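Respectively, the protein sequence lines represent chains X and W. For the first sequence, the working numbering assigns the number 1 to the initial residue and increments by one for each residue that follows. For the second sequence, the working numbering assigns the number 1001 to the initial residue and increments by one for each residue that follows. Glycine included, C-beta positions come from ideal geometry on N, C-alpha and C. Here the structure is a predicted model, which is why all the values come from computation and not from measurement. Single-structure report; data block below.
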Amino acid sequence: MDLNWALIAPVIILEFILMIVALVDVIKSDDTNGPKWLWVLVILFIGFLGPILYFVIGRKR
Amino acid sequence: MGQWFILFKKECMESWRNYKWLWMPSVFLILGLMQPITTYYLPDILATAGELPEGSEISIPIPPAPDVIAATFGQFSQIGILVLVLASMGIVAGERASGTASMILARPVSRFSFISAKWAAMLLLTWLSYLVGYAGSWYYTFLLIGEVEATNAIGAFFVYGLWLTFAVTLTVFFSTILKNAGIVAFLSIGSLLVISALSHTLTKLLAWSPGRLSVHASSIVSTGEGADHFFLALSVSIGIIIVLLILAYYLFKQKELVE
Chain X
1 MDLNWALIAP
11 VIILEFILMI
21 VALVDVIKSD
31 DTNGPKWLWV
41 LVILFIGFLG
51 PILYFVIGRK
61 R
Chain W
1001 MGQWFILFKK
1011 ECMESWRNYK
1021 WLWMPSVFLI
1031 LGLMQPITTY
1041 YLPDILATAG
1051 ELPEGSEISI
1061 PIPPAPDVIA
1071 ATFGQFSQIG
1081 ILVLVLASMG
1091 IVAGERASGT
1101 ASMILARPVS
1111 RFSFISAKWA
1121 AMLLLTWLSY
1131 LVGYAGSWYY
1141 TFLLIGEVEA
1151 TNAIGAFFVY
1161 GLWLTFAVTL
1171 TVFFSTILKN
1181 AGIVAFLSIG
1191 SLLVISALSH
1201 TLTKLLAWSP
1211 GRLSVHASSI
1221 VSTGEGADHF
1231 FLALSVSIGI
1241 IIVLLILAYY
1251 LFKQKELVE
């Protein structure tokens, strides 16, 4: 399969940015809803929905 | 007006602190870019993944460009709506649960400003995210599949945007009358799914429904014209959005008196 990486790169970069921002936030935060290590796993392994899930329900106000 | 703008800015700052300005446009952009990409590579993906007998020809015609934009609306209607509901479920309910709302409302702040500033800030974020995703989809469709008539694409953008506006307004409405954000999300997604499903099946009976807007948007992007009863659905949707907002304000005011 001949993939045009120039076209797919923006999507990968976006997902990467989401993941990094979520990871930095989870590491810096004092407390999360649920165990921290679980959120790290969710952010790393559930595609782009992982970071979103963390932002929506993982962060404590 | 000055007071309204302060509330509006406060709401935008709040969304910034929750990273909503980052993740909402990102989700829409990812969805928008992936639709043309997967459409374009679908024959290749099937060729590598499918277990077809040796030598069989695969001929999946690449759909016309407007159909790819219509398919993007389909993506926005699923994950897009989910994201919008999750982002706006706590907009009033969360503040009431945490006590922030009563702190703000202890000052001489108009209840209508309070609700409408939140609603407007959420809509700004919604339209910006949607614009980014839509532009991305349009651009990639142009690169990979073909051109879409600009006036059609822009017309469809606004019509479908009204459906998203309706979804956000409904969520804000539930968020005003209920205290639990989880229940708000559940009710909003549930009713949006029901409205959408019913409007797609009972096309005659529900010709006026906001759920028909996605059908009209898909029709506009390919033919330049909405489906039957387009203006009826358009005006009723705008009407329902305004009524929901005003109703949210009255119920919010009354609820406060009771508490």
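Is there at least one Cβ from chain X nearer than 8 Å to Tyr1134/W's Cβ?
With 8 Å as the cut-off, Tyr1134/W does not count as an interface residue toward chain X.
Between which two residues does the alpha helix (DSSP H) harbouring Trp1005/W extend?
According to the sequence shown, residue 1005/W is Phe rather than Trp. Element bounds for Phe1005/W: 1002-1017.
Going straight from the alpha carbon of Phe1073/W to that of Ala1153/W, what length do you get?
Those two C-alpha atoms are separated by around 12 Å.
Just to check my reading of the structure: Val1085/W and Ser1188/W have Cβ atoms closer than 8 Å, yes? What is that Cβ distance to the nearest angstrom?
With 8 Å as the limit, Val1085/W and Ser1188/W qualify as a contact, their Cβ atoms being about 5 Å apart.
Name the residues in the segment 1017-1029 of chain W whose C-beta lies less than 8 Å from a C-beta of chain X; which are they?
Listed by position along the chain: Asn1018, Tyr1019, Lys1020, Leu1022, Trp1023, Ser1026, Val1027, Leu1029.
With distances taken from CA atoms, which of Lys1009/W, Glu1011/W, Val1027/W is nearest Pro10/X?
Checking every option, the nearest Cα to that of Pro10/X belongs to Val1027/W.
Through-space distance from Leu44/X to Ile12/X, alpha-carbon basis:
Rounded to whole angstroms, Ile12/X and Leu44/X show a C-alpha spacing of 14 Å.
Paired residues, beta bridge with Arg1107/W - DSSP:
DSSP lists no partner for Arg1107/W.
Pull up the CB-CB distance for Tyr1130/W and Gly1161/W, whole angstroms please, since I reckon it's below 8 Å.
Sure, about 6 Å apart at Cβ, within 8 Å.
Give the DSSP-derived three-state secondary structure of Thr32/X in the structure shown.
Strand at Thr32/X.
8 Å Cβ shell around Arg1096/W - same chain, five flanking residues per side excluded
The beta carbon of Arg1096/W lies closer than 8 Å to those of Ser1102, Lys1179 in the same chain, with the five residues before and after it left out.
Buried or exposed: Glu1011/W, going by 16 or more other Cβ atoms within 10 Å of its Cβ?
Per the 10 Å Cβ criterion, buried.
Measuring alpha carbon to alpha carbon, tell me which residue in Gly1099/W, Leu1206/W, Ala1121/W, Thr1126/W is nearest Gly1080/W.
The shortest C-alpha separation from Gly1080/W is found at Thr1126/W.
Distance cutoff 8 Å, beta carbons only. Does Phe48/X sit that close to anything in chain W?
At least one CB of chain W lies nearer than 8 Å to the CB of Phe48/X.
I'd like to know if Met1103/W contacts chain X, where contact means its C-beta is closer than 8 Å to some C-beta of that chain.
Among the residues facing chain X, Met1103/W is not included, as its CB has no counterpart in that chain under 8 Å away.
DSSP beta-bridge partners for Arg59/X?
Thr32/X.
Chain W residues whose Cβ lies nearer than 7 Å to that of Val21/X
Near Val21/X (Cβ distances below 7 Å), the residues of chain W are Tyr1019, Leu1022.
When the cut-off is 8 Å and only beta carbons count, does Tyr1140/W lie next to chain X?
It does; some Cβ of chain X falls within 8 Å.
So, with DSSP's three-state summary, where would you put Val1229/W?
Residue 1229/W is actually His in this sequence, not Val. In the structure shown, His1229/W sits in coil (DSSP, three-state: anything other than H, G, I, E or B).
State the start and end residues of the unbroken alpha helix (DSSP H) segment that holds Pro1043/W.
Counting along the chain, the alpha helix (DSSP H) containing Pro1043/W begins and ends at 1020-1049.
Keeping to the same chain, check which residues put their C-beta closer than 8 Å to that of Ile1195/W; ignore five residues upstream and five downstream.
Excluding sequence neighbours, Ile1195/W sits near Ser1209, Pro1210, Gly1211.
Ordered along the chain, which non-local residues of its own chain (more than five positions away) have a Cβ less than 8 Å from that of Ile52/X?
Closer than 8 Å at Cβ, skipping near neighbours: Leu18.
Anticipated Cβ contact below 8 Å, Thr1151/W with Gly1226/W, distance rounded:
Under the criterion of beta carbons closer than 8 Å, Thr1151/W and Gly1226/W do not qualify as touching, at roughly 13 Å.
If you reduce the DSSP assignment to three classes, tell me which class Phe1166/W lands in.
Correct three-state label for Phe1166/W: helix.
How is the alpha helix (DSSP H) around Val1215/W delimited, first residue to last?
Counting along the chain, the alpha helix (DSSP H) containing Val1215/W begins and ends at 1213-1223.
Counting along the chain, where does the alpha helix (DSSP H) carrying Phe1186/W start and finish?
It spans 1181-1201 - the alpha helix (DSSP H) in which Phe1186/W sits, taken as one unbroken run.
Cutting at 7 Å between CB atoms, please list the residues of its own chain near Gln1035/W, excluding the five before and the five after it.
Same-chain partners within the cutoff: Val1068, Ala1071, Thr1072, Gln1075, Ser1137.
Euclidean distance between Cα positions of Leu1207/W and Asp1044/W
First, the residue type needs correcting, since residue 1207/W is Ala and not Leu in the sequence shown. Their Cα atoms are separated by approximately 40 Å.
Within 8 Å, strictly: CB atoms of Ala1167/W and Ala1093/W:
No; because the gap between Cβ atoms is not below 8 Å, this pair is not in contact.
Let me see if you follow: with CB-CB separation under 8 Å, is Leu1178/W close to chain X or not?
Not one chain X Cβ lies under 8 Å of Leu1178/W.
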